[in-house]
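There are 2 protein chains.
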Amino acid sequence: MPTRTGARARTTYFPRLAAERPDIALCRASTAVARAAEAAAEQHGLGVGHHLVLKMLAAVGPCSQQVLSEELRIDRSVMVGIADELEKAGYVRRERDAQDRRAYAVTITTPGRRALTRAEKGVPAFLDQTFAALDPAERDQLTALLGKLLATDSTATD
Amino acid sequence: MPTRTGARARTTYFPRLAAERPDIALCRASTAVARAAEAAAEQHGLGVGHHLVLKMLAAVGPCSQQVLSEELRIDRSVMVGIADELEKAGYVRRERDAQDRRAYAVTITTPGRRALTRAEKGVPAFLDQTFAALDPAERDQLTALLGKLLATDSTATD
DNA sequence: CGTCAATTGTTTGACAGCAGACGATCGCCA
DNA sequence: TGGCGATCGTCTGCTGTCAAACAATTGACG
Chain A
1 MPTRTGARAR TTYFPRLAAE RPDIALCRAS TAVARAAEAA AEQHGLGVGH HLVLKMLAAV
61 GPCSQQVLSE ELRIDRSVMV GIADELEKAG YVRRERDAQD RRAYAVTITT PGRRALTRAE
121 KGVPAFLDQT FAALDPAERD QLTALLGKLL ATDSTATD
Chain B
1 MPTRTGARAR TTYFPRLAAE RPDIALCRAS TAVARAAEAA AEQHGLGVGH HLVLKMLAAV
61 GPCSQQVLSE ELRIDRSVMV GIADELEKAG YVRRERDAQD RRAYAVTITT PGRRALTRAE
121 KGVPAFLDQT FAALDPAERD QLTALLGKLL ATDSTATD
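Just so you know, the protein sequences line up as chains A and B, in that order. Each residue of the first sequence is one higher than the one before, counting from 1 in full-length UniProt numbering. Each residue of the second sequence is one higher than the one before, counting from 1 in full-length UniProt numbering.
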């Protein structure tokens with residue numbers, strides 16, 4: 001026992017803490033998950049934010065950056081960079097909205113749809129690996145609980 | 001209804017996304033929770049990290065910064081600052097470990113215990129408010145699920 | 001028509017977090 | 001004894017995020 005003498009009692013304090021402070025557990029879990037997600041996403045050349053923007057555009061049609069920000073819970077300032085990069089990659093078009101010339105109408109392009117399809121392909125494997133500790137029923141439970149939590153989160157100030 | 005014309009159809013896309021991507025739901029929920037926790041914690045002059053360090057010291061006795069880092073999932077670099085501030089506030093003592101002069105033996109002081117007691121007092125109210133969307137049973141479910149997730153997280157590389 | 005608050009997209013500055021490198025120290029081994 | 005890899009605490013630089021300020025535009029109201 002050269003390294004790690006008895007002093008390093010592997011305190012195992014954390015489980016106790018996690019049980020007592022769901023907020024801490026939530027944050028710690030999310031950082032690990034977020035890191036894994038970003039790594040998995042960038043294998044396709046898209047960050048998580050880019051992926052989500054494409055996904056939402058494909059699902060609901062052209063949007064302003066503002067709507068994208070609010071729905072995806074991504075800051076407006078950050079959305080600027082994401083839109084810039086997506087446009088530069090040719091995955092979206094940015095045109096001024098005719099009805100409201102302040103806003104852009106961000107539209108997904110055909111290459112964008114292809115990139116989205118490619119990125120989506122990796123998602124199930126990533127989820128299976130990241131949530132391997134939970135069986136399908138538990139995963140559904142977690143999703144439902146988080147959904148409840150988010151439905152009343154502080155961003156819903158209106 | 002001057003503002004918010006009909007064009008803002010309140011897409012309500014997010015719930016669908018959250019149901020499909022538990023990783024995103026986790027991250028979004030955690031940022032909201034983390035912000036609230038930090039705000040609540042700093043009412044007592046302690047950040048969340050400071051609070052956790054005091055809590056762990058009170059629970060398991062003197063520790064090295066390394067052990068504190070690992071158990072609390074706080075980076076070593078960040079722990080330096082936390083320990084500095086706690087020491088300056090008189091809440092912990094930092095002495096060199098006699099057995100291993102590289103490491104500190106961080107010990108909580110009596111003022112530190114008082115500060116901890118004060119900070120702990122606010123926790124139940126904060127949790128009740130932050131997890132108001134969940135009844136006690138659901139809160140326990142969430143805690144259990146997160147515990148499972150964290151037990152096998154990537155930091156457990158050993 | 002002119003004014004004014006509100007909204008959209010953007011830029012800027014501040015700040016937290018992390019990776020990497022460093023000196024000091026430890027344990028091990030020749 | 002001396003050397004060598006590993007560990008602890010620290011510092012530095014980078015990245016990503018957020019708050020605040022800004023110009024352009026809109027809609028409402030006098």
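Quick reminder that beta carbons are idealized off the backbone N, C-alpha and C, glycines included.
- Comparing alpha-carbon positions, the option among B:R73, B:T117, B:L26 and B:A98 lying closest to L142 (chain B) turns out to be B:L26.
- Between T130 (chain B) and A40 (chain B), the alpha-carbon positions lie close to 10 angstroms from each other.
- The criterion of a C-beta distance shorter than 7 angstroms is satisfied by T107 (chain A) and R93 (chain A).
- Contact note: S30 (chain A) reaches chain B through L26, C27, A29, S30 and T31, using a C-beta cutoff of 8 angstroms and chain order.
- For R96 (chain A), there are no neighbours in chain B by C-beta distance under 9 angstroms, as the nearest C-beta there is about 14 angstroms away.
- Residue pairing by DSSP puts R93 (chain A) in a beta bridge opposite A:T107.
- Put simply, the stretch 42-55 of chain B touches the stretch 77-91 of chain B. At least three CB pairs are less than 8 angstroms apart.
- L26 (chain A): member of the alpha helix (DSSP H) spanning P22 to E42, first to last residue.
- Distances from the alpha-carbon of D23 (chain A) to those of B:R76, B:A115 and B:R28 put B:R28 closest.
- Of all alpha-carbon atoms in A:L145, A:A132, A:A105 and A:R16, the one lying nearest the alpha-carbon of A36 (chain A) is that of A:A132.
- Using beta-carbon distances, Y13 (chain B) counts as an interface residue toward chain A, with a partner under 7 angstroms.
- Any Cβ of chain B closer than 7 angstroms to the Cβ of V92 (chain A) would place that residue at the interface, and such an atom is absent.
- Taking a 10 Å sphere around the C-beta of V67 (chain B), we find 16 or more other C-beta atoms and assign the residue as buried.
- With fewer than 16 other beta carbons inside 10 angstroms of its own, E42 (chain A) counts as exposed.
- Close to L134 (chain A), with beta-carbon spacing below 8 angstroms, are these residues of chain B in chain order: L145, K148 and L149.
- With fewer than 16 neighbouring CB atoms inside 10 Å of its own CB, S77 (chain A) falls in the exposed class.
- Burial check for A98 (chain B): the Cβ neighbour count within 10 Å stays below 16, so the residue is exposed.
- The Cβ atoms of A137 (chain A) and L46 (chain A) do not sit closer than 7 angstroms to each other.
- Rounded to the nearest angstrom, the gap between the Cα atoms of P62 (chain A) and E85 (chain A) is 17 angstroms.
- According to the DSSP assignment, F126 (chain B) belongs to the alpha helix (DSSP H) that extends over V123 to T130.
- For a Cβ distance threshold of 7 angstroms, residue set Q141 and L145 of chain B lies close to Q141 (chain A), ordered along the chain.
- L150 (chain B): member of the alpha helix (DSSP H) spanning P136 to A151, first to last residue.
- The C-beta separation of V60 (chain B) from Y13 (chain A) comes to about 6 angstroms, placing the pair in contact by the 8 angstroms criterion.
- Non-local C-beta neighbours of T109 (chain A) in its own chain, meaning closer than 8 angstroms and more than five positions away in sequence, comprise G90, Y91, V92 and R93, ordered along the chain.
- The alpha-carbon separation between D100 (chain A) and R114 (chain B) amounts to approximately 57 angstroms.
- With respect to chain B, the C-beta atom of D23 (chain A) has a partner C-beta closer than 7 angstroms.
- For L127 (chain B), the chain A residues whose C-beta falls within less than 9 angstroms of its own C-beta are R21, P22 and D23, listed in chain order.
- The alpha carbon of L150 (chain B) has as its nearest neighbour, out of A:R21, A:E20 and A:A32, the alpha carbon of A:A32.
- The beta carbon of A41 (chain A) does not come within 7 angstroms of any beta carbon belonging to chain B, so the residue lies off that interface.
- Chain-ordered, the chain B residues with CB closer than 7 angstroms to the CB of M56 (chain A) read Y13.
- Excluding the 5 residues flanking it on each side, A103 (chain B) has same chain C-beta neighbours closer than 8 angstroms at S64, Q65, Q66, R96 and D97, in chain order.
- CA-to-CA, the gap between E87 (chain B) and L57 (chain B) works out to about 13 angstroms.
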